[in-house]
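J.:
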Amino acid sequence: MSGILVVEEARRDGSGRIFQETLAAGRKLASLTGLALESAAVGEPGKNIFLQISGPPPAAGHAIRHPLLETYTADGYVLAFEQLIRKLEPDYVLFPHSYQVRDFVPRLAAKFGQVLVGDVTAIEDGPLFERQLFQGRMNATYRREGKGPCFISIQNGAFRADSANGGAMPIAEFIPEIEPEQIRTKPGEPFRESAQTVDLGSAQRIVSVGRGIKDAANMPLIEVLAGALNAELAASRPICDNGWLPMERQVGSSGQTVAPKLYLAVGISGAIQHLVGMKGSQCIVAINKDPDAPIFEVADYGIVGDLFEVVPALTEAVKAAKQ
Amino acid sequence: MKIVVAIKQVPDRDAPVRIAADAKWIEERELQWAMNEPDAYALEEALQLKERHGGEVIVLSAGPERVGSTIREALAKGADRAIQIVCDDLGARDALGVARLLAEAVKPENPDLVLTGLQSEDLGLGQTGVILAELLGLPHATLILHVEKTDAGLKVKRELEEGWYQSIEMPLPAVLTMQSGGNKLRYATLMGIKRAKTKELRTVSAAELGAGAAPAVTLQQIAVPKKQKSTQILSGPAKEAAAMLVEKLKTEARVL
Numbered sequence: 162m163s164g165i166l167v168v169e170e171a172r173r174d175g176s177g178r179i180f181q182e183t184l185a186a187g188r189k190l191a192s193l194t195g196l197a198l199e200s201a202a203v204g205e206p207g208k209n210i211f212l213q214i215s216g217p218p219p220a221a222g223h224a225i226r227h228p229l230l231e232t233y234t235a236d237g238y239v240l241a242f243e244q245l246i247r248k249l250e251p252d253y254v255l256f257p258h259s260y261q262v263r264d265f266v267p268r269l270a271a272k273f274g275q276v277l278v279g280d281v282t283a284i285e286d287g288p289l290f291e292r293q294l295f296q297g298r299m300n301a302t303y304r305r306e307g308k309g310p311c312f313i314s315i316q317n318g319a320f321r322a323d324s325a326n327g328g329a330m331p332i333a334e335f336i337p338e339i340e341p342e343q344i345r346t347k348p349g350e351p352f353r354e355s356a357q358t359v360d361l362g363s364a365q366r367i368v369s370v371g372r373g374i375k376d377a378a379n380m381p382l383i384e385v386l387a388g389a390l391n392a393e394l395a396a397s398r399p400i401c402d403n404g405w406l407p408m409e410r411q412v413g414s415s416g417q418t419v420a421p422k423l424y425l426a427v428g429i430s431g432a433i434q435h436l437v438g439m440k441g442s443q444c445i446v447a448i449n450k451d452p453d454a455p456i457f458e459v460a461d462y463g464i465v466g467d468l469f470e471v472v473p474a475l476t477e478a479v480k481a482a483k484q
Numbered sequence: 002m003k004i005v006v007a008i009k010q011v012p013d014r015d016a017p018v019r020i021a022a023d024a025k026w027i028e029e030r031e032l033q034w035a036m037n038e039p040d041a042y043a044l045e046e047a048l049q050l051k052e053r054h055g056g057e058v059i060v061l062s063a064g065p066e067r068v069g070s071t072i073r074e075a076l077a078k079g080a081d082r083a084i085q086i087v088c089d090d091l092g093a094r095d096a097l098g099v100a101r102l103l104a105e106a107v108k109p110e111n112p113d114l115v116l117t118g119l120q121s122e123d124l125g126l127g128q129t130g131v132i133l134a135e136l137l138g139l140p141h142a143t144l145i146l147h148v149e150k151t152d153a154g155l156k157v158k159r160e161l162e163e164g165w166y167q168s169i170e171m172p173l174p175a176v177l178t179m180q181s182g183g184n185k186l187r188y189a190t191l192m193g194i195k196r197a198k199t200k201e202l203r204t205v206s207a208a209e210l211g212a213g214a215a216p217a218v219t220l221q222q223i224a225v226p227k228k229q230k231s232t233q234i235l236s237g238p239a240k241e242a243a244a245m246l247v248e249k250l251k252t253e254a255r256v257l
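Chains A and B are the protein sequences, given in the same order.
Residue numbers for the first sequence, in the numbering used here: 162 to 484.
Residue numbers for the second sequence, in the numbering used here: 2 to 257.
1. Would you say V262 of chain A lies against chain C (beta-carbon separation less than 7 Å)?
2. Mind checking whether Y424 of chain A and I336 of chain A have CB atoms under 7 Å apart?
3. CB-CB under 7 Å to K9 of chain B, same chain, minus the five flanking residues each way: which ones, in chain order?
4. Along the chain, where does the alpha helix (DSSP H) containing P381 of chain A start, and where does it finish?
5. State the Cα-Cα distance for the pair F320 of chain A and I179 of chain A, rounded to the nearest angstrom.
6. State the DSSP-derived secondary structure class of Q128 of chain B, mapped to helix, strand or coil.
7. Out of B:V18, B:V148, B:K249 and B:K25, state which residue places its alpha-carbon closest to the alpha-carbon of G183 of chain B.
8. Around the C-beta of P112 of chain B, are 16 or more other C-beta atoms found within 10 angstroms, so that it is buried, or is it exposed?
9. My guess is that V203 of chain A and Y253 of chain A are in contact by the Cβ rule of under 8 Å, so how many angstroms apart are they, rounded?
10. Starting from Q222 of chain B, trace the beta strand (DSSP E) in both directions and tell me its first and last residue.
11. What did DSSP end up calling E201 of chain B once you bin it into helix, strand or coil?
12. Using a Cβ cut-off of 7 Å (strictly closer), state whether S121 of chain B contacts chain A.
13. Check whether the Cβ atoms of A96 of chain B and L126 of chain B lie closer than 7 Å to each other.
14. How should D402 of chain A be labelled, buried or exposed, when 16 other C-beta atoms within 10 angstroms of its C-beta is the threshold for buried?
15. For W165 of chain B, return the contacting residues in chain A, with the cut-off set at a CB-CB distance below 8 Å.
16. Could you give the DSSP three-state label for A322 of chain A: helix, strand or coil?
17. Report the CB separation of S215 of chain A from G327 of chain A in whole angstroms; it is logged as a contact under 8 Å.
18. Note down the Cα distance separating A447 of chain A from Q343 of chain A, rounded to an integer number of angstroms.
19. Confirm, please, whether the CB-CB distance from A244 of chain B to C444 of chain A is below 7 Å.
20. Can at least three beta-carbon pairs, one atom from the region 141-160 of chain B and one from the region 196-210 of chain B, be found at a separation below 8 Å?
21. Please compile the residues from chain B whose C-beta is within a distance smaller than 7 Å of the C-beta of S163 of chain A.
22. Please decide whether D95 of chain B counts as near chain A, where near means a Cβ-Cβ distance under 7 Å.
23. Distance cutoff 7 Å, beta carbons only. Does K422 of chain A sit that close to anything in chain B?
24. Could you check where the alpha helix (DSSP H) with R268 of chain A kicks off and where it finishes?
25. If we call anything under 7 Å between Cβ atoms a contact, is A364 of chain A one with E384 of chain A?
26. Can you find a CB in chain B that lies within less than 7 Å of the CB of E470 of chain A?
27. Quick check on DSSP: helix, strand or coil for Q229 of chain B?
28. Along chain A, which residues have their Cβ under 9 Å away from the Cβ of I84 of chain B?
29. Suppose contacts are defined by Cβ-Cβ distances below 7 Å. Is R2 of chain B in contact with L44 of chain B by that definition?
30. Please say whether A387 of chain A and L361 of chain A have beta carbons closer to each other than 7 Å?
31. I want to know whether the region 215-227 of chain A touches the region 192-203 of chain A - three or more CB-CB distances under 8 Å.
32. From V167 of chain A to F295 of chain A, what distance separates their C-alpha atoms?
33. Measure the alpha-carbon distance for C88 of chain B versus G64 of chain B and round it to whole angstroms.
34. Is the separation between the beta-carbon of D461 of chain A and that of R345 of chain A shorter than 7 Å?
35. Let me confirm a value: G164 of chain A is counted as buried when at least 16 other C-beta atoms fall within 10 Å, else exposed. Which label applies?
36. Got a sec: is the Cβ-Cβ distance from G127 of chain B to anything in chain A below 7 Å?
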């Protein structure tokens, strides 16, 4: 085929949302290049993959099946996708930008002398692929050079899934050749550290704190504000890495995804890993000393200033408003 | 265990980034530089493994002369020796091009383990370690928080999405990319800084390694991101701005 191969990843929660978004990105690329769309996934059609197609269905679906692929391993997936891509010869291969994709696609791309253009947020005429640099402080456009399959991964939430139900596509089975000794890692069952005691997902108001707080000794400042607002306390990754708040209060790609009525980000610069976890909030307020911090790109209200002055003042103002 | 840690020097997180005149990269003059934080966690893991099991920690970094200061910092923290790939055109290479340089420098060392951070804070590609594993023909695992040596090789703790983890067993030699937060980072001691000056720092030029190839993708242009929302910035003294914010949250946004 000469075309665009959109890859679905079977998700633990059974949700096909990021596949529908990747399909939407594929359609955008198809409209710019005139290429046709096909799809591929590891799994069983109708059971854990190709459950639903929104929008116009791809011309064909390739279901990759092998007993050695039942549990994900980078070695297994690289072998399987390498064989499928050599057979189909697509111009572009699109993936969702998941942890799993980050784990195996750079290695897969290297087999073809290519790199992954990862975490793409927009596709423009050229085609040019847009992604972020410097933790979201800059945008960059990339262009593919030369020939061979071009590997792209699409940022979660960057493309809007088509809402129309698109119907079915013809599905072909693809059985790769994989030997047990080619898989060098032995993955265990996924587990959680401890029972989650905080459900930030259902919180109405969240006060979230980042590196700007500087020291564990300053945390009470944020706790008092959260108390005044009757809000749950949350944080960006570095705060939990430091042990200043438990890991379960982390918002972002490696933590929880939240969408409260009010999300107040204090001293959080707004790296993309954090933004994906909170940008669906109804009202976002940012307090940061850096006027160029990317958190202001998604904020409804912002105060540019020293949080050590602004937070106590805000706590007082909230208390005063209650009276 | 002989461990190679690949580290990158990146602009300091708090340094303001400005777009260079050609709009292809940032203005590097007067910029402050630091060790990429995930790489600092990779170094920490390597030092702790050495403390538990003995062996040697070799730091590897590619870049122009300024990279030497970050390498010295790693030596001061306890790495035994270092290799610097002197390369003034790192930005013109894609992740595969950079990984090829690193692979050529790693090969003669024949290490048991190669560690690096899961991604860099400037480009954020998150690929170098994985490609390095492919070029070295070694198994790999990414987003690792904890490494345990076993009789058969390694048992590592990998972070999955949304608060899930998994254990992976794998043979040595191997390549791991480290997630931040698995350990507490150490500071260099005065003694360490003093001793770093006497440690071996070998330089090798990119040309000597002979790993040149045309990039598969090129960066065309950088720009300041467009705003997704129109933000109302509330200015004035802290007290006034705070009072205005509360008023807006009550009457405009209606979330209080």
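Ideal placement from N, C-alpha and C gives every residue a C-beta, glycine not left out.
No experiment lies behind these values; they were computed from the predicted model shown.
T.: In short:
1. The structure shown contains no chain C; the protein chains it does contain are A and B.
2. no
3. Only N37, D40, S62 and S121 meet the Cβ criterion.
4. M380 to L390
5. Each residue's Cα considered, the two are about 9 Å apart.
6. coil
7. B:V148
8. With 16 or more Cβ atoms within 10 Å of its Cβ, P112 of chain B is classed as buried.
9. Actually they do not touch by this definition, with Cβ atoms about 19 Å apart.
10. V218 to A224
11. coil
12. No, because no Cβ of chain A sits closer than 7 Å to the Cβ of S121 of chain B.
13. yes
14. It is buried - the Cβ of D402 of chain A has at least 16 other Cβ atoms within 10 Å.
15. R173, P351, F352 and R353
16. A322 of chain A falls in the coil class under three-state DSSP.
17. Taking a contact as a CB-CB distance under 8 Å, the pair S215 of chain A and G327 of chain A counts as one, their CB atoms being some 5 Å apart.
18. 49 Å
19. no
20. no
21. Neighbours of S163 of chain A on chain B: none; closest Cβ ~18 Å, over 7 Å.
22. Answer yes: the Cβ-Cβ gap between D95 of chain B and chain A drops below 7 Å somewhere.
23. yes
24. Start and end: Y260 to K272.
25. no
26. yes
27. DSSP places Q229 of chain B in coil when its eight states are reduced to three.
28. Result: empty, since nearest Cβ-Cβ is about 22 Å, beyond 9 Å.
29. This sequence places Met at residue 2 of chain B; Arg is not what is there. In this structure, L44 of chain B does not lie closer than 7 Å to M2 of chain B by Cβ.
30. no
31. yes
32. 28 Å
33. 5 Å
34. No, Cβ-Cβ distance for D461 of chain A and R345 of chain A is not below 7 Å.
35. buried
36. It does: the Cβ of G127 of chain B has a partner Cβ on chain A nearer than 7 Å.
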